[in-house]
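Accompanying notes for the structure given below.
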Ligand code: GLN
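In my numbering, the protein residues as written are 29 to 545.
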C-alpha cells in the first residue's frame, strides 16, 4: 500500500491487511506519524504526539510474526482525546491547570486499547474540560476544520474529529457529555458514537458531568466505530455506573446492517422538534434525502413528537454546570498540576484562588459560577431540582417514542461548521449547537452520528443522528451501517473522498488555504 492508501484506508481495511501480513504496523504507524508531521503544525489536532508509537507498533509486528493470537484491530493506530488519562503521556483536558500533568495510571478505555494492541498516536485537542462546541476554548489554541481551515472542527472533541477526517489517524476516542463526539463528527464528515450511559467505562476520563459523560469512538466508517466500541466497551469494576451487561458484537451488527435489506420494516421515528426551525437549509435538505433513501430501502418513517426536547438545553445547562462545579473542585493547587503563589504570599485559600484564577479559562469559570449558584441552598430546588424534573420528562418522551418506533432520527447538528470567532462571545449561540445531541445524554440512550452529505450552500459536511433505547447500541450500528451503505453508493464512495484534505485531492487544503492567495 502507498503512503496515501495507508492513511486514507478505514481501520477495518488496515486491520485486514495487517492480519494477512500485507503491511506491517510499523509501516501503518509511520505513515500516520509522517502525515501528522506534515499537516498538524497548521491543523493542531494533537496536543501531544507519542514518542512510543513506533515501538508499540514494532512489538505488535514481532508478536504477530511469532504467531501470537491478535485482536481484530491489533496494530492499527488510534488518537486519544486529551480528557483521558494516559500514564505515558500528559493529560491536560485542554486546561492550563493540568499543563504537563502525567497521570499515574491509564483510563480503562486506554488500557483496553493497549491490551487489544492498538497503537496510541497521541492526545487530541479539546475545549477546556470538554466545555464547548468549537475547540476555541482550548487553553492551547483551536484546532482547524480540515474541510475549511477558517472554520471550527466542532467541539469539544474537535481534535479527535479533525485527526480522523484529515487522515492523521484512522481511529480516535472522544467523550460525549452533550454532543462532543457527535457534533464534531457531523461538521467534519466523520462517524461518532455515544454509547449507552454505563456501556463504556468512565474510569480515568477526567469528569465533566458524571451523570452525562460517555466515552466513545470517532471514525471514518460505522464498522470502524463498532470495532473500536467492541474493544473499549463492557463492564469495569472501577466505574460504579458501569453496566454489567454482556454486549453483543457491534462489528457483527454493523456488518449485518451493510447487507441489502437491513432496513426493511425498521420503524424510524422522525423527531418533529429536531428538524425544522433553527436548522440550516442544506442540513434540512440532506436530511430529507437521507430519509427518502431509507424509505425506498423499506424503512417505515413515522413522525414522532418529543415535546420536552425543547427544554433540553435549559435543563442541561443547569445539570452540567452543577456537576462540573463539584467535579472541578479537586483542581485546588494541592493535588494536581499548576500552583500559582499570589504576590507576597497568602493563605491556602489565596493560593487556590490565584491558581484557579490563572489556570482556568473563561468558559470553565462561567460554568463553575453557574453551577455553584444552581446548587446553593436557596436556589437548589428552583434550579437544579427543576432541571432534574425536566430530565425525567425528556426520558419519558424517549420511552413514549420507543414504544412506537425502533430508532429515532434527526440531523446531528443544526448547521455546518461555523467560522472561528462567530459564536465565541455569545454563550447561548454556542450552546445551541447541541440542540440535537443533548437529549440522548440526559436520557442515557445511545446515539450515533454519520455523514449525510455536503450542504449545497457551503459545500461543508452535514451529519445525521440515530438514537435507540438504552442498551440497544447494536441496533444503531445496524441501522447506521445500512444508511451509510445507501449514501456511499449514491456518492460513489465515502464522503471524505470529497474533502480538500484527502491525500489524493488535487488541492490539499493545508497548502492552498481557502481564501488565501
Ligand atoms: N458542547 C457541549 C458543552 O459545551 C457538549 C460538551 C461535551 O459533550 N463534552 O457542554
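Just so you know, even glycine gets a beta-carbon here, dropped at the ideal spot from N, CA and C.
None of the values given here were measured: they were computed from a predicted structure.
Check: Going by Cα to Cα distance, which pick from 421, 144 and 38 is closest to residue 338?; Outcome: 421
Check: Which one or two residues does DSSP pair with residue 204 in a beta bridge?; Outcome: 242
Check: Can you give the Cα-Cα distance for residue 541 and residue 447, rounded to whole angstroms?; Outcome: Bear in mind that the predicted position of residue 541 carries a pLDDT of just 42, short of 50, making it unreliable; the figure below should be weighed with that in mind. Straight-line Cα distance between these residues: approximately 14 Å.
Check: Provide the residue span of the beta strand (DSSP E) that contains residue 328, from first to last.; Outcome: 328-332
Check: Tell me whether residue 77 sits in a helix, a strand or coil according to DSSP, three-state version.; Outcome: strand
Check: Smallest Cα separation from residue 55: which of 273, 195, 297 and 30?; Outcome: 30
Check: Have a look at residue 159 and residue 444 and give me their C-alpha separation to the nearest angstrom.; Outcome: 19 Å
Check: Have a look at 489, 63 and 123 and flag the residue whose alpha-carbon is nearest the alpha-carbon of residue 314.; Outcome: 489
Check: Taking the alpha-carbon of residue 485 as reference, which of 383, 308 and 329 has the nearest alpha-carbon?; Outcome: 308
Check: Any idea if residue 358 is buried or exposed, counting beta-carbon neighbours within 10 angstroms, 16 or more meaning buried?; Outcome: exposed
Check: Just checking my contact of residue 248 with residue 192 at CB under 8 Å: how many whole Å lie between their CB atoms?; Outcome: 6 Å
Check: For residue 208 and residue 182, what's the separation of their Cα atoms in angstroms?; Outcome: 8 Å
Check: Answer with yes or no whether the minimum CB distance from residue 242 to chain D is below 7 Å.; Outcome: The structure shown contains no chain D; it holds only a single protein chain.
Check: Is it true that the CB of residue 198 sits closer than 7 Å to the CB of residue 221?; Outcome: no
Check: Is the region 76-87 touching the region 40-58 in the sense that three or more CB pairs, one from each, lie closer than 8 Å?; Outcome: yes
Check: Going by C-alpha to C-alpha distance, which of 212, 469, 502 and 186 sits closest to residue 416?; Outcome: 469
Check: In terms of alpha-carbon separation, which member of 75, 232, 49 and 281 lies closest to residue 510?; Outcome: 281
Check: Can you find the residues in the same chain that come closer than 6 Å, C-beta to C-beta, to residue 256, ignoring five residues on each side of it along the sequence?; Outcome: 199 and 245
Check: For the region 423-454, which segments carrying the alpha helix (DSSP H) assignment without a break, of at least 4 residues, lie completely within its bounds, in sequence order?; Outcome: none
Check: Per DSSP, which residues does residue 495 bridge with? Please list them.; Outcome: 436 and 475
Check: Taking DSSP as the reference, what is the three-state secondary structure of residue 264?; Outcome: coil
Check: Count the C-beta pairs between the region 225-243 and the region 251-271 that are closer than 8 Å, then say yes if the count reaches three, no if not.; Outcome: yes
Check: If the criterion is Cβ atoms closer than 7 Å, does the pair residue 217 and residue 73 meet it?; Outcome: no
Check: Unbroken alpha helix (DSSP H) runs of length 4 or more, entirely within the region 270-353: which are they?; Outcome: 278-286 and 309-324
Check: Find the nearest neighbour of residue 277 within the set 294, 363 and 100, judged by alpha-carbon distance.; Outcome: 100
Check: Whose CA, out of 467, 205 and 194, lies closest to the CA of residue 14?; Outcome: No information on residue 14 is available, as it lies outside the stretch 29 to 545 that the chain covers here.
Check: Can you have a look at residue 376 and say buried or exposed, based on whether 16 or more other CB atoms are within 10 angstroms of its CB?; Outcome: exposed
Check: Using CA atoms only, rank isn't needed, just tell me which of 165, 264, 166 and 527 is closest to residue 138.; Outcome: 264
Check: Could you pull the DSSP bridge partners for residue 247 from this structure?; Outcome: 199 and 219
Check: Tell me, please, whether the region 363-383 touches the region 406-414 by the rule of three or more beta-carbon pairs shorter than 8 Å.; Outcome: no
Check: With respect to 6 Å, is the separation between the Cβ of residue 188 and the closest non-hydrogen atom of the ligand GLN below this value?; Outcome: no
Check: Below 8 Å on the Cβ atoms is my contact criterion, and I expect residue 219 with residue 259 to pass it. Report the Cβ-Cβ distance as a whole number of Å.; Outcome: The pair is not a contact, with the Cβ atoms about 16 Å apart (cut-off 8 Å).
Check: Rounded to a whole number of angstroms, what is the C-alpha to C-alpha distance between residue 176 and residue 153?; Outcome: 18 Å
Check: Could you tell me the alpha carbon to alpha carbon distance between residue 516 and residue 400, rounded to whole angstroms?; Outcome: 47 Å
Check: If you count every other CB in all the chains shown that lies within 10 Å of the CB of residue 544, and 16 or more means buried, which is it?; Outcome: In this prediction, residue 544 has a pLDDT of 35, which is less than 50 and means its spatial position is unreliable; nothing more can be read from the coordinates.
Check: Count the other CB atoms, across all protein chains shown, that sit within 10 Å of the CB of residue 123; report buried if there are 16 or more and exposed otherwise.; Outcome: buried
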